[in-house]
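Presented below is the structure to which this report refers.
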Amino acid sequence: MLLPAGQSLDDIASRFEWDVPEFFNIGSAVSDAWAERDPGRICLEHFNPDGAPDRLSYEELARRSNAFARGLRSLGVQTGDRVALMLPQGFETAIAHVAIYKLGAIAVPLALLFGVEAVEHRLAASGAKVLVTTAGGRDKVIAIRQRLSGLEAIIVAGDDAGDEALDDADAEICFSRLENGHSDAPVAIETRAEDPAMMIFTSGTTGPPKGALHGHRVLIGHIPGVQTHHEFMPQPGDKLWTPADWAWAGGLLNVLLPGLMLGVPVVSSRAQKFDPELAYRIMAEMEVRNAFIPPTALRIMRTVSDPLARHRLGLRTIGSGGEALGRETYEWAKAVLGLTINEFYGQTECNLVLASAVGLGVSRGGAIGKPVPGHQVAIIDDQGHVVADGISGQIAVKRPDPVMFLGYWQNEEATEAKFIGDWMLTGDQGVRDSDGYFSFFGRDDDVITSSGYRIGPGEIEDCLTGHPAVALAAVVGKPDPMRTEIVKAYIVVAPGVEADAGLAASVRDWVKIRLSAHEYPREIEFVDSLPLTTTGKVIRRVLRDRAIDEAGIRTTADET
3 MLLPAGQSLD DIASRFEWDV PEFFNIGSAV SDAWAERDPG RICLEHFNPD GAPDRLSYEE
63 LARRSNAFAR GLRSLGVQTG DRVALMLPQG FETAIAHVAI YKLGAIAVPL ALLFGVEAVE
123 HRLAASGAKV LVTTAGGRDK VIAIRQRLSG LEAIIVAGDD AGDEALDDAD AEICFSRLEN
183 GHSDAPVAIE TRAEDPAMMI FTSGTTGPPK GALHGHRVLI GHIPGVQTHH EFMPQPGDKL
243 WTPADWAWAG GLLNVLLPGL MLGVPVVSSR AQKFDPELAY RIMAEMEVRN AFIPPTALRI
303 MRTVSDPLAR HRLGLRTIGS GGEALGRETY EWAKAVLGLT INEFYGQTEC NLVLASAVGL
363 GVSRGGAIGK PVPGHQVAII DDQGHVVADG ISGQIAVKRP DPVMFLGYWQ NEEATEAKFI
423 GDWMLTGDQG VRDSDGYFSF FGRDDDVITS SGYRIGPGEI EDCLTGHPAV ALAAVVGKPD
483 PMRTEIVKAY IVVAPGVEAD AGLAASVRDW VKIRLSAHEY PREIEFVDSL PLTTTGKVIR
543 RVLRDRAIDE AGIRTTADET
C-alpha cells in the first residue's frame, strides 16, 4: 500500500485508495515475501557498543520465525491464543513477533521497564498463555506466577538464559533451544486482514491501561503515514532506528514492522534508558538515515552541546510523535541538526493519521500537520458535529479505517464509549486552522481552566523548554479557590543550573513575555525527574493528583 507520486499532500490524498485484501498475514508479509525475492537482503542490524554490528537477513528471519512458530505450537499455542513479549529491541524480539503472527496467535508486547504490578495487570487482563522474556523478566514474574492461572509457559531469551537455569518441568524453556529443536519449514496459516494480530495496551496517561486489539490490516494502515513523514520511504540507503521500545505502538508499528515490510533495514539496540550521547552515536555509527524520536527524547538531546562536532550524522528524515513536539524543539532541530522534524499524530487505538512532510510543503512549527492520505480526521464537538476552522474541540477519526483498532479486549462498554456515530474519539483537544493544519493542545483531562480561560499545557511546556535553564517541564492545573485552577509547572533544570527563587522568577517572566499573562505558571516546583511512561510521555495524571493533594501548599510560588 504505497503512496502514489505527487507534488502535494492534497494531490496525493485525492488519488489515494485503500487496497486491503481479504487475506493478509503480518508475519508472512514482513519475512516470507522478501525471503522469496531477495533472500540475502538485510532486514535487521543490531548495534554492538563494543564491536561490529550483527546482521540478520530476510531468509534468516523467515526460517527462524518458522522454527519458533513450530516451537510455540508444540507448547499448545493455537490461533487466537495470546503470547506476551517482554523483551528489548533485538533479533529474538522480531523473530518472536513474526512467529506469533504466522500462527494466527495474538502478540501482546510489554515493556521490560514495567514494574511487577503493571506486568501482572497486563498478563492477567490479556489471558496470556505464554510469555517470552529475558532472565530478568522471568525473575520479575516469578513472584506473581501463581496468580497468573492462564500462563502456561515462560520462554527465556538472551545470552543469560542459560539452559541449566531452566526446567522444562516448570514450563520454563530456553528460546534458542526451542527454536533449534524444530523444523524451519514454512508455516502456512491463512489469516484474514480483520483477524486479530496484536493487543497493545494503552499507555495509562489518563486511567488504567486497556488492551487495544488490532487486526493484521493495521500494518497496511500504517504504511501511508510512515511514507509521509519519512518522505516517500523507501529511498536508496534508507535505514530506520528509534529509541522507542518496540513494545510501544510507536516502536512496533511506526518502525519495526513497516521497515520490515518496506524492505528497509531496522537498527536495534538493547539500551533501556535513553542516553542522548548514545543516541547520537548509534545514528552515526550505524549510518541511520531515518529516525523516529519522541519529543521528550529530542528535548533531552537538546542538552548535548554541539553534537555534530563529535557525531557525523547522515539523516534524511526525522519523525516525531506521541506527544506535542512544540515550536522550540522544531526550531532547534533546524538550527542544530539541519533537518526539519516531520511531526505526526495518532494513538494506540488509531495511530499515524496526521503527519507532516516538509518535502511536500506540509510543515509548520507548533502544528502536527495534515491528514495522511486514506484517513478522515476532524475536530468535533461533544455532539459529534464537525466544528469550523479555528474552533477548538476533540480530534476524531472516522471509521472504517484499516489503522483503527478492533476494540478493547473484553470491554465492549469502553469500546462503545470511544465512538460518537462513526467518529472515533481520541480524547485529545485540538484545533484545525484555515490552511488545514491540525494542532494539539492536550488531553481532555489535561486542559486547565483558570479564571475563565481554557489553557492547553502543551504550548506552555514548549515555551518553558525554550528557556536555557530548563531541560524538561510538565504543566498541570492545581485547584485554586479564586481562579478554579492555577497553572503549576514541574521543572527539571539543565545540568549545572541552580534551582532557586531567582530562576523561578526568570521562568515566569519568560512565559509571560512569550505567551500571555494568563498562561504563565503561578507556581513552580523544581524536581529531579518527571513521571514518564515507558514510551517517554509525561504522565500528567500523576502530577495532577500530586497537585490536588498539596492544594494550598506552594513551593517557589508567585502570590500575586
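In terms of the working numbering, the sequence shown opens at residue 3 and continues consecutively. We treat Cβ as the ideally placed atom computed from N, Cα and C, and that holds for glycine.
Secondary structure of residue i, DSSP reduced to three states
{"i": "Asn-256", "result": "helix"}
{"i": "Asn-2", "result": "Missing from the structure shown is residue 2; the chain here goes from 3 to 562 and no further."}
{"i": "Glu-19", "result": "coil"}
{"i": "Glu-345", "result": "strand"}
{"i": "Phe-177", "result": "helix"}
{"i": "Ala-519", "result": "coil"}
{"i": "Lys-212", "result": "coil"}
{"i": "Asp-186", "result": "coil"}
{"i": "Tyr-492", "result": "strand"}
{"i": "Thr-204", "result": "coil"}
{"i": "Asp-170", "result": "Note on Asp-170: pLDDT 48, under 50, position unreliable in the model; no value is reported."}
{"i": "Leu-89", "result": "coil"}
{"i": "Asp-448", "result": "helix"}
{"i": "Ala-359", "result": "strand"}
{"i": "Thr-95", "result": "helix"}
Other residues of its chain near residue i: CB distance less than 6 Å, five sequence neighbours each side excluded
{"i": "Ala-171", "result": "For Ala-171, the pLDDT reaches just 44, beneath the cut-off of 50, and the residue's location in the model is therefore unreliable, although a value from the coordinates is still provided. Within the same chain, Ala-171 has no close Cβ partners at all."}
{"i": "Asp-186", "result": "Arg-65, Asn-68 and Ala-69"}
{"i": "Val-364", "result": "Leu-11, Ser-358, Gly-371 and Lys-372"}
{"i": "Arg-140", "result": "Ile-156 and Val-158"}
{"i": "Arg-2", "result": "One cannot answer for residue 2 here, as it falls past the ends of the chain, which runs 3 to 562."}
{"i": "Gly-8", "result": "Ile-14"}
{"i": "Gly-227", "result": "Leu-354, Ala-357 and Val-374"}
{"i": "Ala-380", "result": "Val-388 and Ala-398"}
{"i": "Phe-276", "result": "Pro-245 and Ala-299"}
Residue i versus residue j - alpha carbon distance
{"i": "Ile-397", "j": "Glu-181", "result": "45 Å"}
{"i": "Ala-54", "j": "Ser-518", "result": "52 Å"}
{"i": "Val-449", "j": "Ala-471", "result": "26 Å"}
{"i": "Ile-382", "j": "Ala-326", "result": "20 Å"}
{"i": "Ile-14", "j": "Gly-361", "result": "13 Å"}
{"i": "Glu-166", "j": "Ile-144", "result": "Any reading at Glu-166 must be qualified, since the residue scores a pLDDT of 45, below 50, and its modelled position is unreliable; no value is offered."}
{"i": "Met-201", "j": "Asn-413", "result": "13 Å"}
{"i": "Val-478", "j": "Val-544", "result": "10 Å"}
{"i": "Gly-117", "j": "Trp-250", "result": "16 Å"}
{"i": "Arg-329", "j": "Ala-293", "result": "19 Å"}
{"i": "Phe-26", "j": "Gly-217", "result": "10 Å"}
{"i": "Asp-424", "j": "Arg-401", "result": "5 Å"}
{"i": "Leu-317", "j": "Gln-229", "result": "16 Å"}
{"i": "Val-2", "j": "Ala-98", "result": "Any property of residue 2 remains undetermined from this structure, which presents the chain solely from 3 to 562."}
{"i": "Tyr-103", "j": "Arg-147", "result": "25 Å"}
{"i": "Leu-339", "j": "Asp-551", "result": "42 Å"}
Nearest neighbour of residue i, chosen from the options [CA to CA]
{"i": "Arg-312", "options": "Thr-305, Tyr-282 and Ala-299", "result": "Tyr-282"}
{"i": "Tyr-439", "options": "Ser-452, Asp-391, Phe-407 and Ile-462", "result": "Asp-391"}
{"i": "Pro-278", "options": "Gly-261, Ser-151 and Pro-245", "result": "Pro-245"}
{"i": "Trp-411", "options": "Asp-83, Ile-28 and Pro-6", "result": "Asp-83"}
{"i": "Lys-241", "options": "Leu-280, Val-290 and Asp-197", "result": "Val-290"}
{"i": "Glu-24", "options": "Gly-8, Gly-152, Leu-4 and Glu-192", "result": "Glu-192"}
{"i": "Ser-30", "options": "Leu-259, Gly-160, Gly-92 and Ser-128", "result": "Leu-259"}
{"i": "Asn-344", "options": "Ala-249, Gly-367, Leu-221 and Arg-272", "result": "Gly-367"}
{"i": "Pro-90", "options": "Leu-215, Gly-253 and Glu-122", "result": "Gly-253"}
{"i": "Ala-501", "options": "Arg-516, Ala-369, Asp-530 and Thr-486", "result": "Asp-530"}
{"i": "Val-269", "options": "Phe-276, Leu-280 and Met-288", "result": "Met-288"}
{"i": "Ser-151", "options": "Ala-137, Ala-127, Val-134 and Thr-135", "result": "Ala-127"}
{"i": "Leu-466", "options": "Cys-176, Ile-493, Arg-445 and Pro-483", "result": "Ile-493"}
{"i": "Ala-476", "options": "Leu-532, Thr-428, Gly-498 and Thr-486", "result": "Leu-532"}
{"i": "Ala-199", "options": "Pro-6, Gly-323, Thr-95 and Phe-407", "result": "Phe-407"}
{"i": "Gln-80", "options": "Lys-131, Gly-409 and Arg-510", "result": "Lys-131"}
{"i": "Leu-1", "options": "Val-85, Val-32, Ala-491 and Ala-380", "result": "Because the chain in this structure spans residues 3 to 562, residue 1 falls outside the shown range and cannot be described."}
{"i": "Val-134", "options": "Leu-153, Arg-149, Gln-148 and Ser-436", "result": "Leu-153"}
{"i": "Glu-47", "options": "Ala-96, Leu-5, Arg-39 and Val-433", "result": "Ala-96"}
{"i": "Ala-71", "options": "Trp-20, Lys-142 and Ser-178", "result": "Ser-178"}
{"i": "Glu-351", "options": "Ala-416, Arg-314 and Ile-320", "result": "Ala-416"}
{"i": "Gly-321", "options": "Val-306, Gly-348 and Arg-314", "result": "Gly-348"}
Cβ distance (whole Å) where residue i is taken to contact residue j below 8 Å
{"i": "Arg-124", "j": "Leu-112", "result": "6 Å"}
{"i": "His-232", "j": "Leu-255", "result": "So it is not a contact: roughly 14 Å between Cβ atoms."}
{"i": "Leu-474", "j": "Arg-301", "result": "6 Å"}
Residue i beta carbon near the ligand SAH (any heavy atom closer than 8 Å)
{"i": "Phe-442", "result": "Only the bare structure without any ligand can be found here, which leaves the ligand SAH out of the picture."}
Same chain, Cβ closer than 7 Å to residue i, five either side skipped, listed in chain order
{"i": "Arg-2", "result": "Past the edges of the chain, shown from 3 to 562, lies residue 2, and the structure says nothing about it."}
{"i": "Glu-521", "result": "Ile-457, Ile-462, Val-489 and Val-513"}
{"i": "Pro-41", "result": "Ser-59, Tyr-60 and Glu-61"}
{"i": "Trp-334", "result": "Arg-304"}
{"i": "Ala-190", "result": "none"}
{"i": "Ser-271", "result": "Phe-49, Gln-91 and Ile-284"}
{"i": "Leu-427", "result": "Gln-396, Ala-398, Lys-420 and Phe-421"}
Beta-carbon proximity list for residue i, same chain, < 8 Å, skipping 5 on both sides
{"i": "Val-495", "result": "Ala-471, Val-472, Ala-473, Ala-501, Leu-505 and Phe-528"}
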